[in-house]
Amino acid sequence: MVKKMLFAASEVYPFAKSGGLADVAYSLPRALKNLYAVTVVMPLYSMIDRDKHSITSLGESFDISMGGVDYPIDLYSCSVEGYEYYFIYSPILCDREFLYGTPESGYKDNALRFAIFSYAITALLKKKCYEIVHLNDWQCALAALLIHKDPVLSPKIIYTIHNLAYQGIFESSILETIGIERSYFTMGSLEFYGRVNFMKAGIAYADEVTTVSPTYAQEILTHEFGCGLEGFLHFHHSKLSGILNGIDTEHFSPASDQMLVSPYTDAKGKKANKTNLLKRLGLKGLTKPLFVFIGRFTGQKGVETLIEALPQIAECECNIALLGEGEERYHEGLETLAKQYKNISLTFGYDESFSHQMYAAADFLLMPSLFEPCGLNQMIAFRYGAVPVVHRVGGLTDTVKRYEKYQEDSCAGYGLVFNTPTARALLSAVHRACDLYSEKKHYERIVNHNMKSDFSWFESAKAYSTLYERLY
Ligand code: GLC
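Listed below in structure tokens is the structure:
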């Protein structure tokens, strides 16, 4: 009998997305389709277009009782290409402009909002008898504790950390509001330097804890990357492992991508896309290498390093196109540079189809991340034949091989790798990238090789399924 699994995440593509978690929550359940009966559950945020996705009420409502207050919940569902999605609707959780907060700060009542989500997940487990529950990131971590506390529930719990930098830390006074007894306010449970840490619940009460690359699973045990949880993770290290994410190779497929001006299958086929993008962005020089940065303008993504290095990168014979949005303090710095250098183009915002066009046009993708649990962009870049230029950290270490070690028969993806997250190291990698680009034949051989490398979910889904099975 195929086991029933509930996969819970606070964002899922195509309904709501702020980062890579949404992509994983879209593609991992799909990759598991022949092995498990997976239902994905997420909040029904007000920005989700119910009509577009044919989301309808299940006609099931119930109350969650926390700290003497009842919070009403309505269940909704939809089915996309045969995959089942459940949505939790609660006004406090869902009626917001953003998912987690304004660009300046998180919503003040996030503890309550995501406690509601976690209680609702637990209620669903009771109603529908799932055998496995897969929880992701801090927003549903509290569900692990609620399941642990519940005398009736006994599903196996997998908890995945997509980014240890966001742990869901709140004042301890919240415990009463979210109906958690003070007896859980201990070092072995929720307590974290006098405050409450939701992520600790996921780590403490899950049967297995995973993170999204093997290298990150090692890094988070260190002071440098552990974000204060390294000791706690050490304590639980026997159930900690790293499974590399994949990408949806049907969605990211340059050969059939309808978002592209000209779909293609090899290095040469990129030309029409590059010509078009340069024109659109007002950049000149088809024969110059085009470097792109796509992603959030945040500290994690190495934007500071990028801003510091950009003036010198711009002095090289190349074009640079940046797409993203993030912290206000970086916006200004980037804008100044884009005004100053005519070979730098900057686009604020996030537009899925424009990002596909950028991957298709790009010769190189810049990823100077300070830390990177997995990183999906470098894998998308391989697929679209943009050679990644990356800081050797986290998932980037696991996915990008140094191009100097290129081997025809290997299934790896190749790129330019630098060891320290400094402007100098990034600049030197860009110089090497320009040199590589000038050896046209070699460069194209690497591009063609990368485009064929396998970053699908196939292997990762197998690894998750082995993990799930180990629990039985
Ligand atoms: C987070 C991480 C990123 C990872 C993604 C999906 O956004 O920062 O590295 O690829 O989650 O797991």
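Letter 81 of the sequence shown, counting from 1, is numbered 80 in numbering that gives the first Met the number 0, and no numbers are missing. The beta-carbon is built from N, C-alpha and C at its ideal position, and this holds for glycine as well. Predicted model only: the values in this text are computed from it and were never measured.
- Straight-line spacing of the CA atoms in Tyr70 and Phe347 works out to 38 Å.
- Of Leu124, Asn162, Leu144, Ala142, the smallest CA-CA separation from Val23 is found for Asn162.
- The beta strand (DSSP E) runs of length 3 or more contained entirely in the region 270-336 are, from start to end of the chain, 289-293, 318-323.
- The beta carbon of Tyr183 sits closer than 7 Å to the beta carbons of Leu144, Leu189 from its chain, once the five residues preceding and following it are set aside; these are given in chain order.
- Contact check for Ala122 against Phe197 fails: the beta carbons are separated by 8 Å or more.
- Taken from the Cβ of Gly374, at least one heavy atom of the ligand GLC lies inside 7 Å.
- With a cutoff of 8 Å on beta-carbon distance, Leu34 and Asn135 are scored as not near each other.
- If you draw a straight line from the Cα of Asp247 to the Cα of Ser459, it is about 12 Å long.
- Look at Leu228: its beta carbon is at least 7 Å from all of the heavy atoms in the ligand GLC.
- Shown here, Tyr85 sits in a strand according to DSSP, grouped into three states.
- Look at Val211: its beta carbon is less than 7 Å from one of the heavy atoms in the ligand GLC.
- In this structure, Cys77 lies away from Ser45, with their beta-carbon atoms at least 8 Å apart.
- Short note on Gly241: C-beta not closer than 7 Å to any heavy atom of the ligand GLC.
- When the Cα atoms are used, Lys107 and Asp453 turn out to be separated by approximately 42 Å.
- Residue state for Phe417 is assigned as strand, using DSSP reduced to three classes.
- Look at Val23: its beta carbon is less than 7 Å from one of the heavy atoms in the ligand GLC.
- The Cβ neighbour count for Lys126, taken over all protein chains shown within 10 Å, is under 16; the residue is labelled exposed.
- The distance from the Cβ of Thr159 to that of Tyr85 is about 19 Å, inconsistent with a contact at the 8 Å cut-off.
- Residue state for Met65 is assigned as strand, using DSSP reduced to three classes.
- Relative to the ligand GLC, the nearest heavy atom lies less than 7 Å away from the CB of Glu371.
- Bridge partners of Arg194 according to DSSP: Glu170, Phe191.
- Per DSSP, Pro213 is one residue of the alpha helix (DSSP H) stretching across 213-218.
- In this model, Gly298 and Glu324 are separated by some 12 Å (Cα to Cα).
- Contact between Val386 and Gly414 holds, since their C-beta atoms are separated by about 5 Å, short of 8 Å.
- Counting only residues of its own chain and dropping the five nearest sequence neighbours on each side, Glu10 has a CB closer than 8 Å to the CB of Lys16, Ser17, Gly18, Leu20, Ala21, Ala24, Met41, Leu98.
- Look at Pro367 here: in three-state DSSP terms it is coil, with no helix or strand label.
- Shown here for Ala266: same chain residues with a beta carbon closer than 7 Å to its own, the five before and five after excluded, namely Gly384, Glu443, Val446, Asn447 in chain order.
- Beta-bridge analysis with DSSP links Leu239 to Val208.
- Here Ala114 carries a helix assignment [DSSP, helix/strand/coil].
- In the structure shown, the three-state DSSP call for Pro150 is coil.
- Using a C-beta cut-off of 8 Å, the region 204-219 makes no contact with the region 265-281, since fewer than three inter-stretch Cβ pairs fall below that distance.
- Per DSSP, reduced to three states, the secondary structure at Gly412 is strand.
- Residue state for Gly374 is assigned as coil, using DSSP reduced to three classes.
- Three or more Cβ pairs closer than 8 Å define a contact, and the region 314-331 meets that threshold against the region 285-298.
- About 6 Å separates the CB atoms of Val429 and Val388; that is less than 8 Å, so the two are in contact.
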